[in-house]
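Q: Everything in the sequence shown is counted per my numbering, starting at 168 for the first residue and increasing by one.
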Amino acid sequence: MNHTCRVQLADTDAAGRIYFAAALRLAHEAFENAMASAGLDLRAILERKPFVLPVVRVEADYRAPLALGDAITVVSRTAAIGARSFAMNHQLRNAHGDIAVDVTITHAVVAKDTGKATDLPDQLRAVLGRI
Numbered sequence: 168m169n170h171t172c173r174v175q176l177a178d179t180d181a182a183g184r185i186y187f188a189a190a191l192r193l194a195h196e197a198f199e200n201a202m203a204s205a206g207l208d209l210r211a212i213l214e215r216k217p218f219v220l221p222v223v224r225v226e227a228d229y230r231a232p233l234a235l236g237d238a239i240t241v242v243s244r245t246a247a248i249g250a251r252s253f254a255m256n257h258q259l260r261n262a263h264g265d266i267a268v269d270v271t272i273t274h275a276v277v278a279k280d281t282g283k284a285t286d287l288p289d290q291l292r293a294v295l296g297r298i
């Protein structure tokens, strides 16, 4: 699934390049959009389901600079589905289609009542299979 945006002033560092934390925010924003596009309401999970999906690992490779005003296409896909976690890959691509930042974010499935990892629900597994 694709998400498009531009590098904003607040996304840049003193060198005028995308700040590392801004790249991670854009990747997570793309995750939210991909889940919504696949039919999963993250707000409903937070409000009504007995589990949450905290981030437990982030990996990012910065391959090319992105600067203020640059157009970005974030290409998101499910990278891995485990018994109690899943990983999403988000490639921030520049206007030429080159990967500028390659981000993989791993989410655990954690029971609200115990705070412990729990099995990935079938509905979530099905949604992830469509991304």
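For glycine and all other residues, C-beta sits at the position ideal for the given N, C-alpha and C.
Keep in mind the model is a prediction, meaning the values are calculated, not measured.
#1: Cutting at 8 Å between CB atoms, please list the residues of its own chain near residue 179, excluding the five before and the five after it.
#2: If you compare alpha carbons, which of 288, 272, 270 is closest to residue 278?
#3: Please report the distance separating the alpha-carbon of residue 268 from that of residue 217.
#4: Out of 285, 181, 230, which one is the CA nearest neighbour of residue 275?
#5: Could I get the ranges of all uninterrupted beta strand (DSSP E) runs contained in the region 185-254, with 3 residues as the minimum, in chain order?
#6: Answer yes if the region 204-211 comes into contact with the region 251-271, meaning at least three C-beta pairs across the two stretches below 8 Å, and no otherwise.
#7: For residue 270, which residues in the same chain have their Cβ closer than 6 Å to its Cβ, ignoring the five residues on either side in sequence?
#8: Measuring straight from C-alpha to C-alpha, what distance separates residue 174 and residue 255?
#9: What's the C-alpha gap between residue 238 and residue 280?
#10: Taking just the CA atoms, how far does residue 198 sit from residue 241?
#11: From this set, 272, 273, 248, 200, which residue's C-alpha is nearest residue 292's C-alpha?
#12: Hey, residue 171 and residue 223: beta-carbon distance below 7 Å or not?
#13: Count the other C-beta atoms from every protein chain shown that fall within 10 angstroms of the C-beta of residue 260, then say buried if there are 16 or more, exposed otherwise.
A: Taking the coordinates as given:
#1: The residues 185, 186, 189, 234, 235, in chain order, have a CB closer than 8 Å to that of residue 179 in the same chain once the five nearest residues on each side in sequence are set aside.
#2: For residue 278, the closest alpha carbon among the candidates 288, 272, 270 is that of 288.
#3: Each residue's alpha carbon lies about 34 Å from the other.
#4: Checking every option, the nearest Cα to that of residue 275 belongs to 285.
#5: The qualifying runs are 222-229, 238-248.
#6: Flag = no, the region 251-271 and the region 204-211 do not touch.
#7: Here residue 270 has 194, 227, 257 as same chain residues with Cβ atoms under 6 Å from its own Cβ, once five neighbours each way along the sequence are excluded.
#8: Going from the Cα of residue 174 to the Cα of residue 255 covers about 21 Å.
#9: If you take the alpha carbons of residue 238 and residue 280, they lie about 42 Å apart.
#10: Computed Cα separation, rounded: 9 Å.
#11: Looking at 272, 273, 248, 200, the one whose alpha-carbon comes closest to that of residue 292 is 248.
#12: It is not a contact, given that the beta carbons lie outside the stated cut-off.
#13: Answer is buried; the Cβ neighbour count reaches 16.
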